[in-house]
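Asker:
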Amino acid sequence: MGDKRSPTRPKRHSKSSVDDCSGYWDCSVCTFRNSAEAFKCLMCDVRKGTSTSQLAYTLEVRDRWRELRGAAHRGLDTGLPLRKTRGPAGPYERMHRCKSVSYWSPYWRLPSDVCGVNCFLEASDGEGPVKEPHDERNHLAVVACGPRLEETLTMLKSALLFSKKPLHFYIFADNELQGSFKKALNSWPHIARRKFNFTIFPITFPKDNEREWKKLFKPCASQRLFLPLILQEVDSLLYVDTDILFLQPVEDIWALLSRFNLSQLAAMAPEHEEPRIGWYNRFARHPYYGRTGINSGVMLMNMTRIRAKYFKNDMTAVPLSWEETLMPLLQKYKLNITWGDQDLLNVIFHFNPENLFVFPCQWNYRPDHCIYGSNCQTAEQQGVSILHGNRGVFHDDKQPAFRAVYNAIQKYRFGEDLEKSLLEPLEESLRSTTHTYCGGAATSSPRG
1 MGDKRSPTRP KRHSKSSVDD CSGYWDCSVC TFRNSAEAFK CLMCDVRKGT
51 STSQLAYTLE VRDRWRELRG AAHRGLDTGL PLRKTRGPAG PYERMHRCKS
101 VSYWSPYWRL PSDVCGVNCF LEASDGEGPV KEPHDERNHL AVVACGPRLE
151 ETLTMLKSAL LFSKKPLHFY IFADNELQGS FKKALNSWPH IARRKFNFTI
201 FPITFPKDNE REWKKLFKPC ASQRLFLPLI LQEVDSLLYV DTDILFLQPV
251 EDIWALLSRF NLSQLAAMAP EHEEPRIGWY NRFARHPYYG RTGINSGVML
301 MNMTRIRAKY FKNDMTAVPL SWEETLMPLL QKYKLNITWG DQDLLNVIFH
351 FNPENLFVFP CQWNYRPDHC IYGSNCQTAE QQGVSILHGN RGVFHDDKQP
401 AFRAVYNAIQ KYRFGEDLEK SLLEPLEESL RSTTHTYCGG AATSSPRG
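In terms of our numbering, the sequence shown has 166 at position 166, counting the first letter as 1, and numbering is strictly consecutive.
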């Protein structure tokens, strides 16, 4: 065998994979680079220093899950809630998943004495009966924390005013707001209540990283990233920020789902139309979608496709599921992002552009489209369909046209004549703003 001191004998390396200079360590199983303080690998949950003998087991588990997901799409009963039609599953489709602790996603670290996420849904605080699979309601989600109660209620009111189809609201709120939402929505008159039902959820993040997600950008904002994992039995969903007003029926934007090709699984509007004033193309320190990035304030999702998809990424050569992608993505880019979860969505779709449907700016019309001159052509031609009052413009005097629309909808009472009590007073208020770019755009908004 030769002398131990032979120069041809390979040298032994330290078992530790920590790079003392960079403060990182490479997982011996999946090779993901973790920060030095991480006790477990953020990608595969293997402890620091674990032998590569676990690699075969890790790959076996991954392949088994992919096999189950593939079987679900072929119509086999695997226990996975993957559906082809919109709407929540009916009671007869609830399988006996609740009897198995293993049905809980390990990502959520939920207690072992309770059953799967579908059972969590069934036990949540909600109004209205469970709908059958043929349910044609449009599903609308919003996340509200802090002083966002009144703004959120005004958004929900606008959705009801112009929509002809019934709606289901999924409201994620902190503990202080949950009772207020329930009281306010139940107090609305029957003429409004017959058009919607609602479910209220607590703000829920993965236990191991709850603090990091909560402090990302604004309180609760990153909750939207986890909607496909929480609302397992909802096929398609429209997520909107609280500072949104619908000026067209919800079913009009919902109809864009039928325009998705076989690869597309989400839809958003560009962050900017004009690259010369774009933020991402001038300042971003991370990958972003397209020329100017995307804005996530209005996000239409086919969540069945999101749950089934494995996404390309710049962290590992192996495509990752939505659930597997989120935490490693945050760890890699948290020092380089400005707009929180919106930036993470830009990173995801930068590497998976074929999965995104881009809808026109009229469906997410913001002050940026009119502050420096009108730069949303579809709004000029067809009117504003969804008004997004970011920068706080619904509540200050910087953009009087935005505030006029918000005040008109907030003051309107259900049952009053829509023409005389809402549209005519609004048009009167907007006449005083036509000297501004935003005022000119607002006066071209379509009537419901």
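Glycine is no exception: its CB is placed at the ideal position from the N, C-alpha and C atoms.
Only a predicted model underlies this, so the values are computations on that prediction, with no experimental measurement involved.
Can you name, in chain order, every residue of its own chain whose Cβ lies under 7 Å from the Cβ of Q264, other than the five neighbours on each side?
Answerer: If we look at Q264 and ignore the five residues flanking it on each side, its Cβ neighbours are N355, L356 and F357.
Asker: Please report the straight-line C-alpha distance between L387 and H395, rounded to a whole angstrom.
Answerer: 14 Å
Asker: State the DSSP-derived secondary structure class of S180, mapped to helix, strand or coil.
Answerer: helix
Asker: Rounding to the nearest angstrom, what Cα-Cα distance links R249 and H168 in this structure?
Answerer: The residue asked about is misnamed: residue 249 is Pro in this sequence, not Arg. If I take the Cα positions, the gap works out to 14 Å.
Asker: How many whole angstroms separate the CB atoms of G23 and A36, which I take to be in contact at a CB cut-off of 8 Å?
Answerer: Indeed they touch by this definition, with Cβ atoms about 4 Å apart.
Asker: Quick check on the burial criterion: 16 or more other C-beta atoms within 10 angstroms. Buried or exposed for R413?
Answerer: Around the beta carbon of R413, fewer than 16 other beta carbons sit within 10 angstroms, so the residue counts as exposed.
Asker: Hey, quick one: how far does the alpha helix (DSSP H) through M303 stretch, first residue to last?
Answerer: M303 to A308
Asker: If C438 sits next to A401, beta carbons under 8 Å apart, how far is it from one beta carbon to the other, in whole angstroms?
Answerer: 4 Å
Asker: Based on the DSSP output, what are the partners of P275 in its beta bridges?
Answerer: Answer by DSSP bridge pairing: none, since P275 is not bridged.
Asker: Have a look at K207 and Y333 and give me their C-alpha separation to the nearest angstrom.
Answerer: Each residue's alpha carbon lies about 20 Å from the other.
Asker: May I have the straight-line CA-CA distance separating R307 from F260, to the nearest angstrom?
Answerer: Computed Cα separation, rounded: 16 Å.
Asker: How should D314 be labelled, buried or exposed, when 16 other C-beta atoms within 10 angstroms of its C-beta is the threshold for buried?
Answerer: exposed
Asker: Once you ignore the five residues that flank V381 on each side, which residues in its own chain have a CB closer than 8 Å to its CB?
Answerer: The residue you asked about is not Val; residue 381 is Gln in the sequence shown. The answer is none, since no qualifying residue turns up.
Asker: Helix, strand or coil: how does DSSP classify K332 here?
Answerer: Looking at K332 - three-state DSSP - the assignment turns out to be helix.
Asker: Under three-state DSSP, which class holds A317?
Answerer: coil
Asker: Could you say which of K218, A159, C41 and A266 lies nearest to Y406 if we only look at CA atoms?
Answerer: Ranking K218, A159, C41 and A266 by Cα distance to Y406 puts A159 first.
Asker: Comparing alpha-carbon positions, which option in E151, P275 and V234 lies nearest G389?
Answerer: E151
Asker: On a Cα-Cα basis, can you pick out the residue from I203, I253, W25 and R391 that is closest to M268?
Answerer: Per the Cα distances, I253.
Asker: Identify the residues that DSSP records as bridge partners of H168: which are they?
Answerer: H139 and N197
Asker: Roughly how many angstroms lie between the CA atoms of S236 and L262, to the nearest whole one?
Answerer: 15 Å
Asker: CB W322 to CB K312, shorter than 8 Å?
Answerer: No, the pair does not count as a contact, with Cβ atoms beyond the cut-off.
Asker: Which one of H350, S296 and L326 has the shortest CA to CA distance from C361?
Answerer: S296
Asker: Within 10 angstroms of the Cβ of Y372, are there 16 or more other Cβ atoms? Answer buried if so, exposed if not.
Answerer: exposed
Asker: As an exercise, report each continuous beta strand (DSSP E) stretch of at least 3 residues that is fully enclosed by the region 239-294, in chain order.
Answerer: Complete beta strand (DSSP E) runs here, min 3: 244-246 and 266-270.
Asker: Taking the C-alpha atoms as reference points, what is the distance between Q342 and I294?
Answerer: Q342 and I294: Cα-Cα distance of roughly 8 Å.
Asker: Beta-carbon within less than 6 Å of Q178's beta-carbon, same chain only, minus the 5 sequence neighbours each way: which residues are those?
Answerer: I200
Asker: Using 8 Å for Cβ pairs, my map puts T330 next to L344. What's the rounded Cβ distance?
Answerer: It is worth fixing the name first, because residue 330 is Leu in this sequence and not Thr. At roughly 7 Å, the Cβ-Cβ gap stays under 8 Å, so L330 and L344 are in contact.
Asker: Excluding the five sequence neighbours on either side, which residues of its own chain have a C-beta within less than 7 Å of the C-beta of D368, listed in chain order?
Answerer: H272
Asker: Quick one: what's F311 bridged to in DSSP?
Answerer: L320
Asker: Taking the C-alpha atoms as reference points, what is the distance between A408 and V318?
Answerer: Answer to the nearest angstrom: the Cα atoms are 51 Å apart.
Asker: To the nearest angstrom, how far is the alpha carbon of A141 from that of H350?
Answerer: 25 Å
Asker: Go ahead and label G392 buried or exposed: buried means 16 or more other beta carbons lie within 10 angstroms of its beta carbon, across all protein chains shown.
Answerer: exposed
Asker: Identify the continuous beta strand (DSSP E) that holds N346 and give its terminal residues.
Answerer: That residue, N346, is in no beta strand (DSSP E); its alpha helix (DSSP H) goes D341 to F351.
Asker: Buried or exposed: E324, going by 16 or more other Cβ atoms within 10 Å of its Cβ?
Answerer: The residue is buried, with at least 16 neighbouring Cβ atoms inside 10 Å.
Asker: Which residue's Cα is closest to the Cα of K449: I191, N175, I203 and R148?
Answerer: As shown, the chain starts at 1 and ends at 448. That puts residue 449 outside it, with no answer to give.
Asker: So, under 8 Å CB-CB, V298 and C220 are touching, yes? Tell me the CB distance rounded to an integer number of Å.
Answerer: Going by Cβ atoms, the distance from V298 to C220 rounds to 17 Å, so no, they are not a contact pair.
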